[in-house]
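Enquirer: What follows is a structure written as C-alpha cells; I'll ask about it next.
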Amino acid sequence: MLETRKRFHDELAALEAEILQMGERAQRAVDRAVSALARRDAPLAHEVIEEDDALDAMYKDIEERTFNLLATQTPVASDLRLVFAILHTSVHLERVGDQAVNIAKMALATMDLPASPTIVSHLEEMGEVVSSMLRTALDAFIRRDAELAVQLETMDEPVDRLNRNMYREVAILASDLQALEWGIRMNVVSRQLERVGDNAVDIGEQVVFLRTGEFKEFSDASHPGTPEET
Amino acid sequence: MVAQPRAVTALIGPSGCGKSTFIRCLNRLHEEVRGARVSGKVLFDGQDIYAPDVDPVEIRRRIGMVFQRPNPFPTMSVMDNAVAGLRLFGGLGRSEIRERGEEALRGAGLWDEVKDRLDEPGGRLSGGQQQRLCIARALAVEPEVLLMDEPCSALDPASTFRIEELIEELKADYTLIIVTHNMQQAARVADWTMFMLLGEMVEVGVTSKIFASPDDKRTEDYVTGRFG
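Top to bottom, those sequences are chains S and Y. Position 132 of the first sequence, counting from 1, maps to 368 under my numbering, and the rest follow consecutively. Position 182 of the second sequence, counting from 1, maps to 162 under my numbering, and the rest follow consecutively.
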C-alpha cells in the first residue's frame, strides 16, 4: 500500500510510543508509592514525588503535539480517533501520577503512626490490582483489543469493594487516637487507589472508542444498576 | 445510491475513479462524449431520465451543472451571462429576463458585488466571482438539482470559502451533488459523502461517519491518506 502521509503517521506512531512510556512510568509510580507506604520507606516516597515532574512534562508534550496535529494535519477516521484517544489517555495517566504522589505524601505523613497490618495488606492488594489494570489498559491500547479493554470493568470490582469497606476497617481503630489518625489517612490512600483503577477503566473506554468509533462508558457511576454504600 | 433532497452530497475518490463521469450521467451530459455509453438507471422524481420520451435538454435544465474552471462567456456582459441559459429556452420578455437574472445573481451571492457592473464583460470579474456567475447562470433556469464538478479547485481560499458558504445557502432550495478532490471541503460542506474507487461506489454515509469511522477499509485508507 502506498503511504501518502508518512510524516504525519510517523508522528502519530511516536506519540503512541510516548503514551506507552508514560503508562509504564505511571504504573511504576503507583507500585513504588504503595511499596513506600507498606515498607515505611521515606526516601522512596520522596522519589515518587520528585519523579512526577517527568510525567507532567510528558503530558504537556503530548498535549502540544496532538494540538499541532489537529491544527496542521486535519486527521480523520482512525487517525482522528487515535489522536483523541492519545490525548485522553495522557490526561488519565497524568492523574494516575498525581494519585501516586498523594499516596507517597500520605506515606510520609504517617511514618511515625501505628499501622494496622490488615489495612496495609488490603491497600497492597488494591495496589497490585490497579497496577495490573494499568498494564492491561495499555496492552489493550497497543493491540487495539476492545475485548481485553472491556475486562477492565470486572478487574475493577475487587478494588471498589475493598475501597467501600475501608471505612469500617478504619472505624475499628477509633479507640486509639494515633491509630485512628493513621487510619483516616489510609482511607485517603484507598480512595486514591480506587481512582487509579477508574483511570485504567477510562483508558479501556478509549480503546473501545479507538476500535469502534463509539464512546461508551463501561458503567455509569451516576446511575448505578444496584444501590451502593458510599 | 440516493441523493437526498435539499442536502449536499459530496463525491470523493482518487483521480480517474469515475466521479466526473458519474455525475455527468446524472444530467445526460455524458452522452455528448463521443463513444460514451450509459448502463443502469438514473431516476429523477421516480422517472428514468434515460427513457426514450425524455428530452435531455429539459433534464439539463432541471439538473444544472457547474464546472471546475469558471467558464463565463468572456465577452458577454455579466447580466447576459447570468441569463444566457434562460434566453436559450425563450418565452420570456426582456424585463422578465432581467428580473430572473437579478434573482439568479442574488441567489449566487454575487448581486451586491456586480450590480453596478452588469454591462461589463463577464471575463473581467475575479475567478471567484466568475464561478459564482456560472452558478447564477445555472440558477437562472430554475433547476431542482445542481451538480458541481470541482467548483473550487481553480479558486483561492477566500473565494473557496465564499462558494462553500453559498453551497450551504443553496441547500435550502436545491439538491446539490458536488465532486471534490478536497476531502476537507467535503467534510465542511456535505451532509452525505460517497466514496468511489475504480468506478465502484464503495461507501455512502453521513459525512461525519465517513470522516470519523467509515465502515469500509478502503474508505478508511483513502481518507487517512494510506493510499492516494
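Heads up, the beta-carbon is just placed ideally off N, CA and C, and yes, glycines get one too. Every value quoted in this text rests on a predicted model; they were computed, and no experiment measured them.
For residue 371 of chain S, which three-state DSSP category applies?
Expert: If DSSP states are grouped into helix, strand and coil, residue 371 of chain S belongs with the helices.
Enquirer: Work out the CA separation of residue 192 of chain Y and residue 342 of chain S for me, nearest whole Å.
Expert: Whole-angstrom Cα-Cα distance: 44 Å.
Enquirer: Could you tell me whether the Cβ of residue 449 of chain S comes closer than 8 Å to any Cβ of chain Y?
Expert: For residue 449 of chain S, the answer is yes, since a Cβ of chain Y falls inside 8 Å of its Cβ.
Enquirer: According to DSSP, simplified to helix, strand and coil, what is residue -11 of chain Y?
Expert: It is a strand residue.
Enquirer: Identify whether residue 173 of chain Y lies in helix, strand or coil by the three-state DSSP scheme.
Expert: Three-state result, residue 173 of chain Y: strand.
Enquirer: If we count Cβ pairs, one from each stretch, closer than 8 Å, do we get three or more for the stretch 273 to 290 of chain S versus the stretch 375 to 388 of chain S?
Expert: Output reads no: the stretch 375 to 388 of chain S does not touch the stretch 273 to 290 of chain S.
Enquirer: Applying the criterion that 16 or more other CB atoms from any shown protein chain within 10 Å of the CB defines a buried residue, is residue 68 of chain Y buried or exposed?
Expert: By the neighbour-count rule (16 or more Cβ atoms within 10 Å), residue 68 of chain Y is not buried but exposed.
Enquirer: Please name the residue in S:431, S:402, S:333 and S:389 whose C-alpha comes closest to that of residue 292 of chain S.
Expert: The shortest C-alpha separation from residue 292 of chain S is found at S:333.
Enquirer: State the Cα-Cα distance for the pair residue 55 of chain Y and residue 104 of chain Y, rounded to the nearest angstrom.
Expert: C-alpha separation (whole angstroms): 9 Å.
Enquirer: Mind checking whether residue 152 of chain Y and residue -14 of chain Y have CB atoms under 8 Å apart?
Expert: Yes; because the gap between Cβ atoms is below 8 Å, this pair is in contact.
Enquirer: Which chain Y residues are close to residue 385 of chain S, counting only those with a beta carbon under 9 Å from its beta carbon?
Expert: What residue 385 of chain S touches in chain Y: nothing, since even the nearest Cβ is about 17 Å away.
Enquirer: On the three-pair Cβ rule with 8 Å, is the stretch 394 to 406 of chain S touching the stretch 418 to 434 of chain S?
Expert: Cβ pair count under 8 Å is three or more, so yes.
Enquirer: Quick check on this structure: which residue in S:306, S:329 and S:242 has the alpha carbon closest to the alpha carbon of residue 290 of chain S?
Expert: The residue with the shortest Cα to Cα distance from residue 290 of chain S is S:329.
Enquirer: Among Y:127, Y:8, Y:134 and Y:99, whose alpha-carbon lies nearest the alpha-carbon of residue 46 of chain Y?
Expert: Answer by Cα proximity: Y:127.
Enquirer: Can you find a C-beta in chain S that's less than 8 Å from the C-beta of residue -12 of chain Y?
Expert: No, no contact with chain S.
Enquirer: Evaluate the contact criterion for the stretch 27 to 43 of chain Y versus the stretch 137 to 145 of chain Y: three or more CB pairs, one atom per stretch, below 8 Å.
Expert: No, because fewer than three Cβ pairs between the stretch 27 to 43 of chain Y and the stretch 137 to 145 of chain Y fall closer than 8 Å, the two stretches do not touch.
Enquirer: Can you tell me which of the three DSSP states residue 159 of chain Y falls into?
Expert: The answer is strand: DSSP assigns residue 159 of chain Y an E or B state.
Enquirer: When DSSP labels each residue in this structure, what does residue 185 of chain Y get in the three-state scheme?
Expert: In the structure shown, residue 185 of chain Y sits in a strand (DSSP, three-state: E or B).
Enquirer: Taking the Cβ atom as the reference point for each residue, do residue 315 of chain S and residue 187 of chain Y lie within a distance shorter than 8 Å?
Expert: Not in contact: residue 315 of chain S and residue 187 of chain Y (Cβ atoms no closer than 8 Å).
Enquirer: Counting pairs of Cβ atoms below 8 Å between the stretch 440 to 459 of chain S and the stretch 143 to 159 of chain Y, do you hit three or more?
Expert: Touching, no.
Enquirer: Quick one: is residue 291 of chain S near chain Y, going by C-beta distance under 8 Å?
Expert: No, its Cβ sits nowhere closer than 8 Å to a Cβ of chain Y.
Enquirer: Does chain S have any CB closer than 8 Å to the CB of residue 164 of chain Y?
Expert: At least one chain S Cβ lies under 8 Å of residue 164 of chain Y.
Enquirer: What does the alpha-carbon distance come out to for the pair residue 294 of chain S and residue 373 of chain S?
Expert: Their backbone Cα atoms lie some 18 Å apart in a straight line.
Enquirer: Starting from the N-terminal side, write out each stretch of the alpha helix (DSSP H) that is 4 residues or longer and does not extend beyond the stretch 59 to 87 of chain Y.
Expert: Whole alpha helix (DSSP H) segments, 4+ residues: 64 to 69 and 74 to 87.
Enquirer: Alpha carbon to alpha carbon, how far is residue 454 of chain S from residue 386 of chain S? Give it in angstroms, no decimals.
Expert: Each residue's Cα considered, the two are about 7 Å apart.
Enquirer: Measure the C-alpha to C-alpha separation of residue 368 of chain S and residue 436 of chain S and round it to an integer number of angstroms.
Expert: Residue 368 of chain S and residue 436 of chain S: Cα-Cα distance of roughly 9 Å.
Enquirer: On the DSSP bridge assignment, give the partners of residue 128 of chain Y in chain order.
Expert: In the DSSP output, where bridge partners are listed per residue, residue 128 of chain Y has Y:46 and Y:158.
Enquirer: Return yes when the Cβ of residue 155 of chain Y is within less than 8 Å of the Cβ of residue -17 of chain Y, no when it is not.
Expert: Yes, they are a contact pair.
Enquirer: Judging by CA-CA distance, which residue of Y:6, Y:12 and Y:13 is the nearest neighbour of residue 20 of chain Y?
Expert: With distances taken between Cα atoms, residue 20 of chain Y lies closest to Y:6.
Enquirer: Applying a beta-carbon distance threshold of less than 8 Å, which residues of chain S neighbour residue 180 of chain Y?
Expert: Ordered by position in chain S, no residue passes the 8 Å Cβ test against residue 180 of chain Y, which lies about 18 Å from the chain.
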